[in-house]
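Working notes, beginning with the structure itself.
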Amino acid sequence: MKREHMPAKFDLRLRVFSEEPAFGKGVAQLMRLVAQKGSLSAAYKEMGMAASKAWKIVRRAEADLGFPLMESVSGGKSGGFSQLTPEGEDLLKRYEEFQEEVYKAARQSFVKHFGNHDTIEKNL
30 MKREHMPAKF
40 DLRLRVFSEE
50 PAFGKGVAQL
60 MRLVAQKGSL
70 SAAYKEMGMA
80 ASKAWKIVRR
90 AEADLGFPLM
100 ESVSGGKSGG
110 FSQLTPEGED
120 LLKRYEEFQE
130 EVYKAARQSF
140 VKHFGNHDTI
150 EKNL
């Protein structure tokens, strides 16, 4: 196969779970933004996600994993906030490290099988 006909990109979908594939890139991104912004609302708005979808994917992951990923306190005089639980922080850290290792290995394998392309895309 000629070089110009070789694929130049790849994509992986990486999820971790107990029974149902419920924790992946979307939930991890949402959690990362909650940790940065202190607000689930700000996180899903930045992602362009509906509140109902944000809660649905978080609750589905929590149900599958068996522990809460984040906790929220409703507004009031001092305003509300959201934060990751200690278990949620640990899971996010482990997932991101696992994800980076898998993508590194996949990039190396892609180059081995399809050649060294300057445009190899890492879709995190």
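Under our numbering, the residue at position 99 of the sequence shown is numbered 128, and the numbers go up by one with no gaps. Quick reminder that beta carbons are idealized off the backbone N, C-alpha and C, glycines included. Since we're looking at a predicted model, the values are computed, not measured.
Supposed close pair residue i, residue j - CB separation, criterion 8 angstroms
| i | j | result |
| --- | --- | --- |
| residue 42 | residue 121 | Their Cβ separation, rounded to whole angstroms, is 18 angstroms, which puts residue 42 and residue 121 out of contact at 8 angstroms. |
| residue 39 | residue 135 | 7 angstroms |
Cβ shell of residue i (< 8 angstroms), same chain only, five flanking positions each side left out
| i | result |
| --- | --- |
| residue 53 | 42, 43, 44, 45 |
| residue 64 | 112, 113, 118, 121 |
| residue 86 | 51, 55, 56, 59 |
| residue 103 | 109 |
| residue 79 | 73 |
| residue 82 | 73 |
| residue 75 | 62, 66 |
Residue(s) in a DSSP beta bridge with residue i
| i | result |
| --- | --- |
| residue 99 | 113 |
Beta-carbon gap between residue i and residue j smaller than 8 angstroms
| i | j | result |
| --- | --- | --- |
| residue 140 | residue 90 | no |
| residue 101 | residue 69 | yes |
| residue 36 | residue 143 | yes |
| residue 126 | residue 96 | no |
| residue 207 | residue 93 | Any question about residue 207 goes unanswered here, given that the chain covers just 30 to 153. |
Sequence-distant residues of the same chain with beta carbon closer than 6 angstroms to residue i, five excluded per side
| i | result |
| --- | --- |
| residue 50 | 44 |
| residue 123 | none |
| residue 34 | none |
| residue 128 | 43 |
Residue-chain proximity (residue i, chain C), Cβ-Cβ < 8 angstroms
| i | result |
| --- | --- |
| residue 126 | Of the protein chains in this structure there is only one, and it is not chain C. |
For the stretch 38–86, which segments carrying the alpha helix (DSSP H) assignment without a break, of at least 4 residues, lie completely within its bounds, in sequence order? 54–66, 69–76
Which complete alpha helix (DSSP H) runs does the stretch 117–143 hold, if anything under 4 residues is left out? none
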